[in-house]
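Below is one structure, written out as structure tokens, with a few remarks after it.
In the UniProt record's numbering, the protein residues as written are 1 to 686.
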């Protein structure tokens, strides 16, 4: 038991609460505030499918040993479920007491049936008759019909119908179709109604001659984590496909139901899904507000963020204008890219696109962890393979909730002649790396892209990430070693510049933190990651703080470290930055990492989690050019500035909103304006 650690699951709920608090910010436009309510719900769905499911497995297994923070698994689960209830109630109050009424005054409305005009009722009646009714299937429950299986996150209408002749009651379930949006747009496009409200209104059409005693909406969440052991899978691709088919049959972990449902209905659904009362979320409002993304899509720019158009990195823009390739640019000096302030499409995608058609390119190797279903990068790789380039791709089939997309791309790549591998036994490959071998005028040269984010064209527009394109011989030689290790057989691989997990990363970070500790008050550590949960890393940072080292941590999500506690962590400051972009880059800065007053800057794919340090292939890349180090310092200092909005972890373990009262100027706006200003200066020089 260690009271110096915060509970991981409760800390994650603190993070999701911060997401919800963005929906209360008066400085954020209304539809963007609505968006954060939707994101809160989507986050919670994944939390239940994975983390709560795991906690319930512990409970079922009778595990009673104390967790690192001192709670038993049962105590942890009880506190998590209690906190979820409180947060969900807060979300519904925020929606129906604040956001939706304000949006209604602006002409954007989520309607109830009694608020519809006669013409809107007629429109929905016609839509129901011709589009909805033909595909509905009522499933009755009686001695001849067992309770129907309800798949993960599917919406259903539960009803109790009564035979007027016999007065006998029967339960029936009607699945809400997914062939059209959850929110139906009424004529005009700015008023919406949930599709289940339409189904319930006309429910009697499904049960002719029967009377409807009760009808309510409900949704079941199931365990959706893949139960896959690499060692037992001779064909990993086939094994993942089998597990994906099983996922919809996972154990139920949550029941969401309208709060007005009768006790009889509620008890029936609890019993049929092998749940208990504590697993029920009674919703006074809208079940699963993630559908509010549809309202966010309405064409009302006055209710949304102003648009920031990504700029093309200056040297790449100049090269495009003069017809020079990215390879020519990188031979002069490596490129540091900051997405989405700088365009992913005109840099990383273009790098792969040029490699795919360049007759001088001999081979392309790449890791794919998460990518989009219409991935331009994957299409470029297929094109390269079809014209005879040696292409090898490591596809991580076990990237959670992207398994199906990755399986599809793995098959497509293999059909095109790409050498597809699935990584190392027992490890996920989370590193982000592309390696291109090209015949330049002076001989073969390797070019590498190493980044913090996924090769996903869609998320690259909303995820903040860093990328590095270089032809430095030592770094690209390390990248070649990495790919040989991933696709072949090797042991005790040595790297000269890259820091690779699981072999080196933990020990090297500990060494760097302790080195700052030896510098005492001259020591300074700045770390930006998504999550900090590894116990050993927390203790190393505590030890550095107690030696006088200044520690600044920028952690978007969960954090198990306590900050600012006298005698423990008084020199540690923890900040969480949330905004229009998802802060996703991982950056490590050690003020004396290369000698006294000689800082070491690293970017990479790894968070400070046990899984990243010990159970994944991760890469940290050092940046040695002064311009690149200046860029990272500018970014970190902007995120840590006192005059920008953020959340800070207090000594009492609460998160305090700090900075200006309104949400502007936000650090992300300042960084975008900085990137745009650099591009403007380049254009003016030209």
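Cβ coordinates follow ideal geometry from the N, Cα and C atoms, glycine included.
Measure from the alpha carbon of residue i to the alpha carbon of each residue in the options, then state which is nearest.
i           : options            : result
residue 643 : 665, 115, 30, 466  : 665
residue 259 : 85, 305, 316, 330  : 85
residue 586 : 554, 572, 571      : 554
residue 396 : 409, 369, 378, 419 : 369
residue 187 : 117, 208, 255      : 117
residue 83  : 57, 279, 68, 456   : 279
residue 433 : 364, 325, 303      : 364
residue 623 : 597, 220, 470, 581 : 470
residue 568 : 582, 21, 543       : 543
residue 358 : 372, 430, 669, 438 : 438
residue 172 : 327, 218, 184, 197 : 218
residue 688 : 35, 158, 463       : Nothing about residue 688 can be reported from this structure: the residues present for the chain run from 1 to 686 only.
residue 667 : 201, 362, 581, 416 : 581
residue 604 : 670, 675, 425, 509 : 509
residue 208 : 221, 39, 163, 78   : 163
What are the boundary residues of the beta strand (DSSP E) that includes residue i?
i           : result
residue 604 : 600-604
residue 327 : First-last for residue 327: 326-332, but that is the alpha helix (DSSP H), not the beta strand (DSSP E).
residue 339 : 335-339
residue 572 : 572-576
residue 197 : It is not in any beta strand (DSSP E) - residue 197 instead sits in the alpha helix (DSSP H) that spans 195-201.
Go ahead and pull the three-state DSSP assignment for residue i.
i           : result
residue 449 : strand
residue 27  : coil
residue 349 : helix
residue 582 : strand
residue 104 : helix
residue 134 : helix
residue 489 : coil
residue 501 : strand
residue 433 : strand
residue 552 : strand
residue 471 : coil
residue 70  : coil
residue 720 : In the structure as shown, the chain starts at 1 and stops at 686, and residue 720 therefore has no counterpart that could be examined.
residue 117 : coil
residue 142 : strand
residue 111 : coil
residue 701 : This structure gives no information on residue 701, because the portion of the chain shown stretches from 1 to 686.
residue 366 : strand
On the criterion of 16 or more Cβ atoms from any shown chain inside 10 Å, does residue i qualify as buried, or is it exposed?
i           : result
residue 507 : exposed
residue 180 : exposed
residue 263 : exposed
residue 144 : exposed
residue 14  : buried
residue 130 : exposed
residue 16  : buried
residue 193 : buried
residue 425 : exposed
In whole angstroms, what is the alpha-carbon distance linking residue i and residue j?
i           : j           : result
residue 563 : residue 538 : 10 angstroms
residue 253 : residue 594 : 50 angstroms
residue 633 : residue 100 : 41 angstroms
residue 281 : residue 480 : 51 angstroms
residue 447 : residue 435 : 6 angstroms
residue 331 : residue 318 : 15 angstroms
residue 558 : residue 575 : 11 angstroms
residue 383 : residue 409 : 14 angstroms
residue 53  : residue 295 : 31 angstroms
residue 407 : residue 165 : 54 angstroms
residue 394 : residue 8   : 31 angstroms
residue 422 : residue 482 : 14 angstroms
residue 147 : residue 533 : 42 angstroms
residue 306 : residue 678 : 20 angstroms
residue 322 : residue 460 : 26 angstroms
residue 286 : residue 92  : 7 angstroms
residue 465 : residue 64  : 40 angstroms
residue 610 : residue 210 : 58 angstroms
residue 120 : residue 30  : 25 angstroms
residue 498 : residue 635 : 22 angstroms
residue 371 : residue 625 : 30 angstroms
The alpha helix (DSSP H) spanning residue i covers which residue range?
i           : result
residue 377 : 376-386
residue 406 : 403-415
residue 539 : 535-546
residue 9   : 8-22
residue 272 : 263-272
residue 296 : 293-296
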